[in-house]
Amino acid sequence: MKKIGFCALSLLFLVGCKEANKKDTEEAAKKEEAAVVETQEKQDGEWVSLFDGKTFSGWHGYNSDEISPEWSIQDGTLVLTPNNDRKVEGKNLVTDKDYTNFKLSLEWKISEAGNSGVFWGVKEVPELHEPYQTGPEIQVLDNERHPDAKAGTTHQAGALYDMVPPSEKVAKPAGEWNTMVLKIDHNANEGEVWLNGVEIVNFPVHGEEWENMIKDSKFNGWEGFGAYKTGKIGLQHHGNEVSFRNIKIKELQ
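Taking this note's numbering as reference, the numbering of the sequence shown is continuous, increasing by one, and the terminal residue is 262.
Listed below in structure tokens is the structure:
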């Protein structure tokens, strides 16, 4: 009996050590990610908040003067709780202001089996009902459960949707916060996506190579898609719960 009890205690000790090591590793990874983002922000200078954590100031519904009641602000976080039976305008959010060259930093958290996205270069056109008809998208996704992740790596979290896949799988599971930095620089003809402190996507943002990327995607033949150097930034309503926070931007010269 004593021998069995000793073995049981030893097993519990080993499990406890493993859990402690796992926690230490996760904490170290979080600190490293935060350090990368902090370094980028210091190098870039002053950032401007796009979300004050209290109001929808600076945002409106796409092609609408209103914002869908499905969007709410909870504890400093922008939360989409979809009601897919309700057909109202303003389901997708876009910024009041247009941007050309910038770095956008935000955190996103997707629900289980959830799908959303972040757009740029969005042009509001009354005849077009979705921001993705003009604005390219950086994918926000639960890679483990959403079927779109099985449609190819260009549909997975962090990808330039249907165009450029992430070079590494660094997205965190559903229910956890991810830190994303998107750079769009038409002067340098350069786009970048950083996710959780790792650069995972880079691409041209105009010119022949950009046009060929569009031709090789589902957006081939979409008049106006990816055509606007200046446009709005958008947050997608894709019918699944998603949260955003710490949204800020640095305009580039």
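Glycine residues also receive a C-beta, built at the ideal position from the N, C-alpha and C atoms. Just so you know, these numbers come straight off a predicted model, no measurement behind them.
Handout entry: Residue span of the alpha helix (DSSP H) that contains Ile271, given as start and end
Key = For residue 271 there is no data in the structure shown, the boundaries of the chain being 10 and 262.
Practice task
Could you say which of Ser125, Leu261, Thr90, Gly167 lies nearest to Asn198 if we only look at CA atoms?
Solution key: Taking only the C-alpha atoms, the option nearest Asn198 is Leu261.
Practice task
May I ask you to list the residues that DSSP assigns as paired with Asn7?
Solution key: The chain is shown only over 10 to 262; residue 7 falls outside these bounds and no answer can be derived.
Exercise for the section: Express the C-alpha separation of Gly233 and Trp264 in angstroms, rounding to a whole number. Expected result: Nothing in the structure corresponds to residue 264, since the chain is present only between 10 and 262.
Exercise for the section: Mind listing, in chain order, the continuous beta strand (DSSP E) runs of no fewer than 3 residues lying wholly within the region 83 to 157? Expected result: 86 to 89, 102 to 104, 111 to 119, 124 to 131, 146 to 150
Exercise for the section: Determine, using beta carbons only, whether Ile119 and Asp157 come nearer to each other than 8 Å. Expected result: Cβ atoms of Ile119 and Asp157: not closer than 8 Å.
Practice task
State the Cα-Cα distance for the pair Thr6 and Val173, rounded to the nearest angstrom.
Solution key: An answer regarding residue 6 cannot be provided, because it is not within the stretch 10 to 262 covered by the chain.
Handout entry: Exposure of Val134, with buried meaning 16 or more beta-carbon neighbours within 10 Å
Key = With fewer than 16 other Cβ atoms within 10 Å, it is exposed.
Handout entry: Euclidean distance between Cα positions of Asp105 and Ala168
Key = 25 Å
Exercise for the section: Enumerate, from N- to C-terminal direction, the unbroken beta strand (DSSP E) stretches of 3 or more residues contained entirely within the region 158 to 201. Expected result: 187 to 194
Practice task
For Ser58, collect the residues of the same chain with a Cβ closer than 6 Å to its Cβ; drop the 5 residues on either side in sequence, then sort them by chain order.
Solution key: Within the same chain, Ser58 has close Cβ partners Lys257.
Practice task
Compute every distance between the C-beta of Asp84 and the non-hydrogen atoms of the ligand PLP, then say whether any falls below 7 Å.
Solution key: Within the structure as shown, the ligand PLP is missing, as the structure has no ligands at all.
Handout entry: Separation of Trp219 from Pro213, as counted between CA atoms
Key = 6 Å
Handout entry: Assigned secondary structure, His69 (DSSP; H/G/I helix, E/B strand, else coil)
Key = strand
Practice task
Name the residue from Gln83, Ser81, Gly161 whose alpha carbon lies nearest to the alpha carbon of Gly226.
Solution key: Before going on, a small fix: residue 226 reads as Ser here, not Gly. Minimum Cα distance to Ser226 is reached at Gly161.
Practice task
Take the Cβ of Asn196 as the centre, count every other Cβ of all protein chains shown within 10 Å, and call the residue buried at 16 or more, exposed below.
Solution key: Exposed, by the Cβ-count rule.
Practice task
Starting from Ile258, follow its DSSP beta bridges and name the residues at the other end.
Solution key: Its beta-bridge partners are Val57, Leu113.
Exercise for the section: List the whole-angstrom C-beta distance separating Gly248 from Asn93, where the pair is believed to meet the contact cut-off of C-beta under 8 Å. Expected result: 5 Å
Practice task
Determine the extent of the beta strand (DSSP E) in which Gly243 is found, giving its start and end residues.
Solution key: 241 to 244
Practice task
Could you tell me which residues DSSP pairs with Phe253 in its beta bridges?
Solution key: Leu87, Trp117
Practice task
Please look up how many angstroms separate the CB atoms of Ser128 and Gln245, rounded, as I've assumed it's under 8 Å.
Solution key: It is Phe, not Ser, that sits at residue 128 in the sequence shown. About 7 Å; that satisfies the 8 Å criterion.
Handout entry: Exposed unless 16 or more other CB atoms sit within 10 angstroms - verdict on Thr143
Key = buried
Exercise for the section: Indicate whether Val210 and Glu217 have their beta-carbon atoms separated by less than 8 Å. Expected result: No, these two residues do not count as a Cβ contact at 8 Å.
Practice task
Return helix, strand or coil for Ser81, following the three-state DSSP convention.
Solution key: strand
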